[in-house]
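Trainee: Before I ask anything, here is the structure I am working with.
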């Protein structure tokens, strides 16, 4: 949960799911009734948990706490803290007995997914998870068309390692060819475990 | 990482590993050269990661952020935030292709481990992980004698469900009988994956 309610009722996400450290203002995805990718995935994970399908959680936003006050007869208040870069991906858990690990990102681009959405350490982490027998993937939202794809982390890793010599993004036709289009709906909003089934369990 | 450096050089843990929400003052475990259980486990996990043995991380401390300021030309500052109760256990990851999930707690008691160290939702979470084929366990430190045990979560769950009628703690002889004593040393400090091997892979 990284969204909070201001007293004036406005919602504002604390971290963007594009991986940048600095919080951004809430952007409204018109294709998706104003829900951020993170909110949609949290709802989907709640659905999977309640229906005993999988146990997958978003990790809390890492925060470096510098100063805490302890008022008498009320909760401790953090008075100074900073956003930290996460050392892993945002989501992990268990599905069908397998370790699941993924990152979710979105772009307004229409024909490719920019690699700058990822961090070096996330690529390393996903490579290591794959090597240890886990399922590591990314969920990519093309927000302009409201399309979602699930792609194995090795595709991202391959383009990542080649970007010095080559293009700085993954072409959409490569994502369409190697990945699985994710169905979206009401509940679960983003039914990504169907895509996991298609990619890894079929 | 929930410990931070005050300007005066004193270290203070932000959350206790005893599961309470309110931060406590740093307690020095004389049996263990002043390292908290969490610090020891983080070091052990670093060792496992660097040696490509397992990928296990502590989840960041969950924080409810209420107010953030965005000064020009410097990092966003969280000016008001509160500690939240975690919805899962503190640690998870992958080892030998299996999903690993655990909670670490310590007590000064000598003959039993008080169940008040756990929360209802943690017991449910570990039960669910077990049902989905993951390895869910707890690491218990008896700080007075500096002994560490790894115990399957089902032992905790069994005592938890019985506590209305019965005792409010797990007797140490039950932990010794059902669990595995963890060897401690320099690197890794708490070699709990040896105990995982003995309990689940032998």
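Chains as they are written, first to last, in this note's numbering: chain P, 1246 to 1447; chain V, 1246 to 1447.
Glycine is no exception: its CB is placed at the ideal position from the N, C-alpha and C atoms.
Are residue 1342 of chain V and residue 1299 of chain V closer than 8 Å when you measure CB to CB?
Mentor: Here residue 1342 of chain V corresponds to residue number 97 of the second chain, with the count starting at 1. Here residue 1299 of chain V corresponds to residue number 54 of the second chain, with the count starting at 1. Cβ distance not < 8 Å, so residue 1342 of chain V and residue 1299 of chain V don't count as in contact.
Trainee: What are the residues in the region 1383-1401 of chain P lying within 7 Å of chain V by C-beta distance?
Mentor: Going along the region 1383-1401 of chain P in chain order, one finds no residue with a Cβ nearer than 7 Å to chain V.
Trainee: For residue 1386 of chain P, tell me which candidate among P:1369, P:1335, P:1442, P:1429 has the shortest Cα-Cα distance.
Mentor: Looking up residue 1386 of chain P in the first chain gives position 141. Checked all of P:1369, P:1335, P:1442, P:1429; the closest Cα to residue 1386 of chain P is P:1429.
Trainee: Can you name the start and end residues of the alpha helix (DSSP H) that residue 1352 of chain P belongs to?
Mentor: Counted from its first residue, the first chain places residue 1352 of chain P at position 107. Not the alpha helix (DSSP H): residue 1352 of chain P falls in the beta strand (DSSP E), residues 1343-1352.
Trainee: Considering residue 1285 of chain P, what are the terminal residues of the alpha helix (DSSP H) in which it resides?
Mentor: In the first chain, counting from the first residue as 1, residue 1285 of chain P sits at position 40. That run of the alpha helix (DSSP H) goes 1282-1295.
Trainee: Counting only Cβ-Cβ distances shorter than 9 Å, please list the residues of the region 1320-1353 of chain V near chain P, keeping chain order.
Mentor: Residues passing the 9 Å Cβ filter: 1320, 1321, 1322, 1323, 1324, 1325, 1326, 1327, 1328, 1329, 1331, 1332, 1333, 1337, 1338, 1339, 1340, 1341, 1342, 1343, 1344, 1345, 1346.
Trainee: Is the Cβ of residue 1431 of chain V closer than 8 Å to any Cβ of chain P?
Mentor: Position 186 of the second chain, counting from 1, holds the residue named residue 1431 of chain V. Residue 1431 of chain V does not count as touching chain P.
Trainee: Can you list, in chain order, the residues of the region 1357-1378 of chain V whose Cβ is nearer than 9 Å to any Cβ on chain P?
Mentor: Under the 9 Å Cβ criterion, the region 1357-1378 of chain V contributes 1370, 1373, 1374, 1376, 1377, 1378.
Trainee: What residue does the alpha helix (DSSP H) around residue 1369 of chain V start on, and which one ends it?
Mentor: The sequence position of residue 1369 of chain V within the second chain is 124, counting from 1. Taken as a continuous stretch (DSSP letters only), the alpha helix (DSSP H) holding residue 1369 of chain V covers 1365-1376.
Trainee: Can you pull the chain V residues whose beta carbon is under 9 Å from the beta carbon of residue 1308 of chain P, in chain order?
Mentor: Residue numbering aside, residue 1308 of chain P sits at position 63 when the first chain is read from its first letter. Within chain V, the residues near residue 1308 of chain P are 1305, 1306, 1308, 1310, 1323, 1326.
Trainee: Within its chain, find whatever has a CB closer than 6 Å to the CB of residue 1381 of chain V; leave out the 5 residues flanking it on each side and keep chain order.
Mentor: Residue 1381 of chain V sits at position 136 when you count from the first residue of the second chain. Cβ neighbours of residue 1381 of chain V beyond the five flanking positions: 1346, 1371, 1374, 1375, 1398.
Trainee: Counting only C-beta atoms, is residue 1301 of chain V closer than 8 Å to chain P at any point?
Mentor: For this step, residue 1301 of chain V is matched to residue 56 along the second chain. By this cut-off, residue 1301 of chain V is not an interface position.
Trainee: Tell me the rounded alpha-carbon separation between residue 1323 of chain V and residue 1312 of chain V.
Mentor: The residue you call residue 1323 of chain V lines up with position 78 of the second chain. The residue you call residue 1312 of chain V lines up with position 67 of the second chain. Their backbone Cα atoms lie some 6 Å apart in a straight line.
Trainee: Going by CA-CA distance only, name the one from V:1413, V:1434, V:1421, V:1395 that's closest to residue 1442 of chain V.
Mentor: Within the second chain, numbered from 1, the residue matching residue 1442 of chain V stands at position 197. Ranking the options by Cα distance to residue 1442 of chain V, first place goes to V:1395.
Trainee: Roughly how many whole angstroms lie between the Cα atoms of residue 1437 of chain V and residue 1294 of chain V?
Mentor: As a position in the second chain, residue 1437 of chain V is number 192, starting the count at 1. As a position in the second chain, residue 1294 of chain V is number 49, starting the count at 1. Computed Cα separation, rounded: 14 Å.
Trainee: Just the Cα atoms here: how many angstroms apart are residue 1400 of chain V and residue 1331 of chain V?
Mentor: Counted from its first residue, the second chain places residue 1400 of chain V at position 155. Counted from its first residue, the second chain places residue 1331 of chain V at position 86. Those two C-alpha atoms are separated by around 22 Å.
Trainee: For the candidate residues V:1356, V:1435, V:1425, whose alpha-carbon lies nearest to that of residue 1444 of chain V?
Mentor: As a first step, residue 1444 of chain V is located in the second chain; it is residue number 199 there, counting from the start. Nearest option by C-alpha distance: V:1425.
Trainee: Starting from residue 1327 of chain P and walking both ways along the beta strand (DSSP E), at which residues does that stretch end?
Mentor: Counting from 1 along the first chain, the entry for residue 1327 of chain P is found at position 82. From DSSP, the beta strand (DSSP E) with residue 1327 of chain P extends over 1322-1328.
Trainee: Check whether chain V comes within 8 Å of residue 1268 of chain P, counting only Cβ atoms and requiring the distance to be less than that.
Mentor: Taking the first residue of the first chain as 1, we reach residue 1268 of chain P at position 23. Confidence at residue 1268 of chain P is low in this model, with a pLDDT of 48, below 50, so its placement is unreliable and no value can be given for it.
Trainee: Classify residue 1422 of chain P as helix, strand or coil using the three-state DSSP reduction.
Mentor: For this step, residue 1422 of chain P is matched to residue 177 along the first chain. The answer is helix: DSSP assigns residue 1422 of chain P an H, G or I state.
Trainee: Answer yes or no: do residue 1304 of chain P and residue 1335 of chain P have a C-beta to C-beta separation smaller than 8 Å?
Mentor: Taking the first residue of the first chain as 1, we reach residue 1304 of chain P at position 59. Taking the first residue of the first chain as 1, we reach residue 1335 of chain P at position 90. Their beta carbons are under 8 Å apart, which means residue 1304 of chain P touches residue 1335 of chain P by this criterion.
Trainee: Would you give the residue range spanned by the beta strand (DSSP E) that residue 1408 of chain V belongs to?
Mentor: Sequence index remark: in the second chain, residue 1408 of chain V carries index 163 (1-based). Segment: none, residue 1408 of chain V is in no beta strand (DSSP E) and carries neither H nor E.
Trainee: Give me whichever residues DSSP pairs with residue 1428 of chain P in a beta bridge.
Mentor: For the purposes of this step, residue 1428 of chain P is taken as the residue at position 183 of the first chain. Beta-bridge pairing links residue 1428 of chain P to no other residue.
Trainee: Taking the CB atoms as reference points, tell me whether residue 1349 of chain V and residue 1384 of chain V lie closer together than 8 Å.
Mentor: For this step, residue 1349 of chain V is matched to residue 104 along the second chain. For this step, residue 1384 of chain V is matched to residue 139 along the second chain. Yes, the pair counts as a contact, with Cβ atoms nearer than the cut-off.
Trainee: If you draw a straight line from the C-alpha of residue 1290 of chain V to the C-alpha of residue 1327 of chain P, how long is it?
Mentor: By 1-based counting over the second chain, the position of residue 1290 of chain V is 45. By 1-based counting over the first chain, the position of residue 1327 of chain P is 82. Cα to Cα, the separation comes out at about 24 Å.
Trainee: Which of helix, strand or coil does DSSP assign to residue 1361 of chain V?
Mentor: Walking along the second chain from the start, residue 1361 of chain V turns up at place 116. DSSP places residue 1361 of chain V in helix when its eight states are reduced to three.
Trainee: Below 7 Å CB to CB, which residues in the same chain sit around residue 1446 of chain V once its five sequence neighbours on both sides are set aside?
Mentor: Taking the first residue of the second chain as position 1, residue 1446 of chain V is located at position 201. Within the same chain, residue 1446 of chain V has close Cβ partners 1341.
Trainee: Pop quiz: residue 1414 of chain P and residue 1357 of chain P are said to be a contact at Cβ under 8 Å. What is the actual Cβ separation, rounded to whole angstroms?
Mentor: If you number the first chain from 1, residue 1414 of chain P lands on position 169. If you number the first chain from 1, residue 1357 of chain P lands on position 112. So it is a contact: roughly 4 Å between Cβ atoms.
Trainee: What would DSSP say about residue 1397 of chain P, mapped onto helix, strand or coil?
Mentor: Along the first chain, one-based indexing puts residue 1397 of chain P at 152. The answer is strand: DSSP assigns residue 1397 of chain P an E or B state.
Trainee: One question on the structure: do residue 1432 of chain P and residue 1292 of chain P come within less than 8 Å of each other, judged by their Cβ atoms?
Mentor: Here residue 1432 of chain P refers to the residue found at position 187 of the first chain. Here residue 1292 of chain P refers to the residue found at position 47 of the first chain. Yes, they are a contact pair.
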